[in-house]
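Going down the list, the protein sequences come from chains A and B.
Reminder that position 500 of the first sequence reads as 500 in the UniProt record's numbering, one-by-one numbering, no gaps.
Reminder that position 465 of the second sequence reads as 465 in the UniProt record's numbering, one-by-one numbering, no gaps.
Number of protein chains: 2
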Amino acid sequence: MTLPERQLANAIRALAMDAVQAANSGHPGMPMGMADVATVLYSDYLKFDPTDPKWADRDRFVLSAGHGSMLAYATLHLAGYARPTIDDIRNFRQLHSPCAGHPENFELDGVETTTGPLGQGLATAVGMAIAERHLNALYGDDLVDHRTWVVAGDGCLMEGINHEAIGLAGHLQLGRMTVLWDDNKITIDGSTELSTSEDIAARYAATGWHVENCDGHDPADIRRAIDAALADPRPSLIACRTIIGFGAPNKQGTSATHGAPLGADEIAAARKELGWTAEPFVIPADIASTWAAFGEKGKSLHSEWNNRLANSEKKKEFTDRLSGKIIPGDTFKAYLDGLVAEPPKVATRKASENTLGALTADISALVGGSADLTGSNNTKTSSTKPLTKDDYSGRYIYYGIREFGMAAAMNGMALHGGVVPYGGTFLVFADYCRAAIRLSALQQQRVVYVMTHDSIGLGEDGPTHQPIEHLQSLRAMPNLLVLRPADAVETAECWALALAQESRPSLLALTRQNLPPLRHDVTENLCLKGGYRLRAASAARKVVLVATGSEVSLAIDIADKLEAAGHGADVVSMVSTALFDEQSGAYQADMLPSDVLTVSIEAGTTFGWERYTGRDGLRFGIDSFGASAPIDDLYAHFGLTVDAITPKILAKLGN
Amino acid sequence: MTLPERQLANAIRALAMDAVQAANSGHPGMPMGMADVATVLYSDYLKFDPTDPKWADRDRFVLSAGHGSMLAYATLHLAGYARPTIDDIRNFRQLHSPCAGHPENFELDGVETTTGPLGQGLATAVGMAIAERHLNALYGDDLVDHRTWVVAGDGCLMEGINHEAIGLAGHLQLGRMTVLWDDNKITIDGSTELSTSEDIAARYAATGWHVENCDGHDPADIRRAIDAALADPRPSLIACRTIIGFGAPNKQGTSATHGAPLGADEIAAARKELGWTAEPFVIPADIASTWAAFGEKGKSLHSEWNNRLANSEKKKEFTDRLSGKIIPGDTFKAYLDGLVAEPPKVATRKASENTLGALTADISALVGGSADLTGSNNTKTSSTKPLTKDDYSGRYIYYGIREFGMAAAMNGMALHGGVVPYGGTFLVFADYCRAAIRLSALQQQRVVYVMTHDSIGLGEDGPTHQPIEHLQSLRAMPNLLVLRPADAVETAECWALALAQESRPSLLALTRQNLPPLRHDVTENLCLKGGYRLRAASAARKVVLVATGSEVSLAIDIADKLEAAGHGADVVSMVSTALFDEQSGAYQADMLPSDVLTVSIEAGTTFGWERYTGRDGLRFGIDSFGASAPIDDLYAHFGLTVDAITPKILAKLGN
């Protein structure tokens, strides 16, 4: 390399300063501080082919400190990716620019995961590293042999999810994961001394990690530290001592550079300080060509990999696997037929286990797990042996009591590709991992959340464990498919729907308690439309009862009573409001005609059910916290029984 | 003490076994494992007066591993608290029993905090320990001089919030906090080796904690460890090596004892093993009297404390402070008057800062903070100097990037009493602390969440930072007051409302962007009713526009257009749906008459607005994720402008 590396790094600094200034918004401090580290990483370590950002065996680079997005955009641009162009960077933070405020995988190839919510990038990277080792165990070094790199800041390391993520990575000895910590001792509020006193290196070491330190502005020292990390079998943390906003002579080392433009004067001073004479958004040719050369090694490696793949016996299997197309097979079909032959009275969590038994036999890409509730979430099957540090070929992960870490890891696996992850916890603990569920949805990833104990129906564990607002609050989240099946057939249909979603996550809400079989046909996936008429009125229709999950059988019993009183009552099983809302107006009006009384029944908040009942309909649910008691006592206490509901409907009908 | 301590502990074991068996549900393993530790704690260390569970200077005991609730119920009963009675324990996990599945502060005095959601008890205890040191700094050892004890399990220590909590406690050197870790090496899924490999002692040490180990079944060793903890100025973790389900000869040491009744045979065998001959729910007299004597020391200490309080110059101030009654005073009134005199065009986050300037001057109990967004959340005032390890009298906490830890600590402060906590983060990061917000609501605690950047109005930071579903998903939570003010006057009114709530938390959703003044009167708190007619129609009323926060001024502009077209339009500012829903039907019908078109406008999901608009109304909002762009571009992109909305309303009106 003939150019001083500092000059190569200054290209990142200049682009970061200029783009933030042009947008009049953004975070220059981190890119300027970590520019030297990023330059070393791209020049000598990161395996990438800028002409194919989706190459399966590329290294994964995760900017966990996502506010420093200009670090990602600058390096991708300099390294020769088709996007972002310099015009994209000029349009940093403008509508329709792929250079969004925070890096977004769905806006720009080369961005491996959407970051910004702190800590989650690192935790997502753990899932990528798991997926890499798992596929390596199946397909060998010839096809799968890459690393996962993370740039993380103090915020990422202070967030609780960081503890869960590194605990999991340390336990699984994910030695091909390296975290480059931007150790700049500055957070938004000021010095890290304001809020933390921990010895981060010692904490990581205690969690099974290898730890190195380096001067983050000394390329030789950065290389030494990375080489040491690569040589160690454990996951590695490298504390890169940096100066935030490096190069801005009056503001560097302070929180003033963190999240605001430097201003024209300081940028001019920084250009002088850095010896950067080029105009804004101009990269001198020698620097551009040196950066562009970084990608050549990766192109060559990619070419060699292509040859190995072409000659591999496993080529078709591997390619199919990575394509993400999965289709339930014969075992699943046989399972469905069995449900018709012998309709079981089971909890939907048990029905889910049975379904998974078939699906995991059919689909080797399914990798399951639970946040220490395996026997309660019913997530383990005979096909899924444990994935451990000694056997990465396993397909079941004991995530420990780490709901948030589990969810983020699942995002990472899905983003990595080749793995379709599902994982379980209690529905109420969706609150513990909600921020990761949101990133599943935003990132358009097929992750399946198996959330059991989905109402007061769980009984004695009481209000801390009983979801009330959870179903509706999750339905409010964009691009998340919430599915609440009513029996074993619907559970199987919901699983098929969840796996068919290639660009959104699903959440199955499943009961602890047994439910009677309601469906006796499997010729068509009726759940596909979200809500469907499970039973049509016999007498002239006066009421449509809309219910979900465990309350569908209750609705049917109520319908019996209403029919007996001469009032025809449809029962609509509303498995998924999201899917129902996607149907045509005609279909919706057919299911929920506006000229009859519409009644919703769900053992959760009534908030939001007005969408289907209107203001004039009736809504039965629970608008307070739950209570600790046996299930039947609770349903009676909260008025969710045939005897409590039927008279109210009759009264509304004028009887 | 004449009885073997093992026998005293066996009383806990017997009650736990028998109550779980009677309920046919519950968790015997932990109470049986930690019985010896609990017995030592109650006999020699815990400061409590069973005749006054609310004594201000009592030690706080937090059962973070809340599933082991029978440990709490057994010890409270044995130690002589009025409740639970033995009949309460017989009714463990039954409807209306104070002995709920998990300990609930609102069901039973002596339960300091509701636990069960793992990790949060420990994190809540941090807040209690902060409150203790803060009040100690103000009122001295004579009045405030107590400790905070936590029993935590492996689950608590694996949860991410544990990292945030101990980081905060270590940083603030909360030396009067002791965590007794039930180190039994078992989780629900089996051995801890399935999911974790960390050196917990080393991790705590790295975070500024003192660590001890002891044999959790050897009273002398437990005492040695506790004594060492008390002698150390740092917060302490004591790893109590225990056998889960101790005494159940065939099941102890396995996850089989964790969360299910032992069964009649195993209970009989355990009685034999433990030498426990009493019938179920019977405590032999000598054991009962020995346990009852544990409380005598505390009664005596309480009596001495009463004398000191009676003679204290600060008696009235202290008593008022602990009563929880707070009333905004003259500074706040002057601030309100100033708003009328000079209505400011400010962001509501800035209006909140200005309001807080007055309130923190008036009310010394207010203790604020932010999860590293002080300058963005506008949470610091001149009255609130930092609370640090060197000065606990401070009133502002730099919580660091620990949203969940902050929220749980605020719960602990509120539960402790004498402190009214508020804390800030971005609204989108409510997802990071949602599980603690839920516990604020469930525990009926006055905690104020200051959540800024409450919509796409934050602009360029993009979809990871823009709340969409958050307002509605939080409104769906029982007992949480979500408040979204539209200008500076409403912001002040909302703060007054939040502080007036003695049994529920509030969440203020505040803008990043400036908003025009809309209100010019402060004689009556109009926000009190949740929604009110900010402007009445001039022409004959055809439309009611219902809007919140930053969209209220938009609604007024739209109303102008509608009026210009001859259609009378009311504008209702819906500051709080929760408060509005509590109003009389007549009031609601007056605000939202059913005979005109109702239109909702909020820069978030439209989900749930049907409650007010009906199915026939119009709802303007955002039902997808946001985007990264300047604010005006975003409002235009998502169709939330006068020009985009007005024609749709006119079309609906048939024009």
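Virtual Cβ for every residue (Gly too), placed ideally from N, Cα, C.
Note that the structure is a prediction, hence the values are computed from the model and not measured.
query, result
"Environment of G369(B) [buried if 16+ CB atoms lie within 10 Å]", "buried"
"Rounded straight-line distance, which links the Cα of Y139(A) to that of K316(A)", "12 Å"
"Where G208(A) meets chain B, residues with beta-carbon distance less than 7 Å", "S197, E198"
"Closer than 9 Å at the beta carbon, the chain A residues around R395(B)", "Here the premise fails: no neighbours, minimum Cβ distance about 15 Å."
"Nearest-angstrom Cα separation, counted from V552(B) out to E342(B)", "20 Å"
"Span separating the alpha-carbon of G190(B) from that of V546(A)", "41 Å"
"F404(B): contacting residues in chain C (beta-carbon distance under 8 Å)", "Here the protein chains are A and B, and chain C is not one of them."
"CB of W149(B) within 9 Å of CB of L41(B), strictly", "yes"
"Cβ of F620(A) within 9 Å of any chain B Cβ", "no"
"Residues that DSSP places opposite S573(B) in a beta bridge", "Y532(B), A547(B)"
"CB of Q21(A) within 9 Å of CB of A264(A), strictly", "yes"
"Where the alpha helix (DSSP H) through R308(A) begins and ends", "285 to 310"
"Separation of N184(A) from M1(A), as counted between CA atoms", "Confidence is the limiting factor: at M1(A) the pLDDT is only 45, short of 50, which leaves the residue's position unreliable and the question unanswerable from this model."
"Beta-carbon gap between G127(B) and A358(B) smaller than 9 Å", "no"
"Of the listed residues A589(A), R615(A), G585(A), G530(A), nearest to S573(A) (C-alpha basis)", "G530(A)"
"Inside the stretch 586 to 647 of chain A only - alpha helix (DSSP H) runs reaching at least 4 residues", "610 to 613, 631 to 637"
"The stretch 642 to 655 of chain A in contact with the stretch 458 to 471 of chain A per 3-pair CB rule at 8 Å", "no"
"With 16 other Cβ atoms within 10 Å as the buried cut-off, status of A334(B)", "exposed"
"Spatial neighbours of T613(B) in its chain, beta-carbon cut-off 8 Å, leaving aside the 5 residues before and after", "V546, T598, V599, S600, R619"
"Residue from A347(A), L458(A), A56(A) whose Cα sits closest to the Cα of D633(A)", "L458(A)"
"Nearest-angstrom Cβ-Cβ length linking G182(A) and A152(A), presumed shorter than 8 Å", "For the record, residue 182(A) in the displayed sequence is Asp; it is not Gly. At roughly 7 Å, the Cβ-Cβ gap stays under 8 Å, so D182(A) and A152(A) are in contact."
"Spatial neighbours of G275(A) in its chain, beta-carbon cut-off 8 Å, leaving aside the 5 residues before and after", "Q7, N10"
"Through-space distance from L526(A) to M17(B), alpha-carbon basis", "47 Å"
"Closest residue to I161(B) among L143(B), F580(B), Q173(B), A123(B) (Cα-Cα distance)", "A123(B)"
"Where Y432(A) meets chain B, residues with beta-carbon distance less than 7 Å", "A435"
"Identity of the residue in A23(B), E5(B), P4(B) nearest S628(A) by Cα", "A23(B)"
"Three-state secondary structure (DSSP) of M1(A)", "A caution first: M1(A) carries a pLDDT of 45, below 50, which makes its placement in the model unreliable, though a value can still be read off. Of the three classes helix, strand and coil, the one that applies to M1(A) here is coil, per DSSP."
"V111(B) beta carbon less than 9 Å from that of L78(B)", "no"
"Endpoints, the alpha helix (DSSP H) within which Y432(B) is located", "430 to 442"
"Three-state secondary structure assigned by DSSP to V419(A)", "coil"
"Alpha carbon of G47(B) to alpha carbon of D142(B), nearest angstrom", "The sequence given here has Lys at residue 47(B), not Gly. Cα to Cα, the separation comes out at about 15 Å."
"N378(B) - DSSP class collapsed to helix/strand/coil", "coil"
"Contacts that residue 666(A) makes with chain B (C-beta to C-beta distance below 7 Å)", "This structure gives no information on residue 666(A), because the portion of chain A shown stretches from 1 to 655."
"Y399(A): contacting residues in chain B (beta-carbon distance under 8 Å)", "S195"
"G585(B) versus I558(A), A578(A), R615(A), D286(A), residue with shortest Cα-Cα distance", "R615(A)"
"Segment contact flag, the stretch 498 to 508 of chain A with the stretch 434 to 451 of chain A, C-beta cutoff 8 Å, min 3 pairs", "yes"
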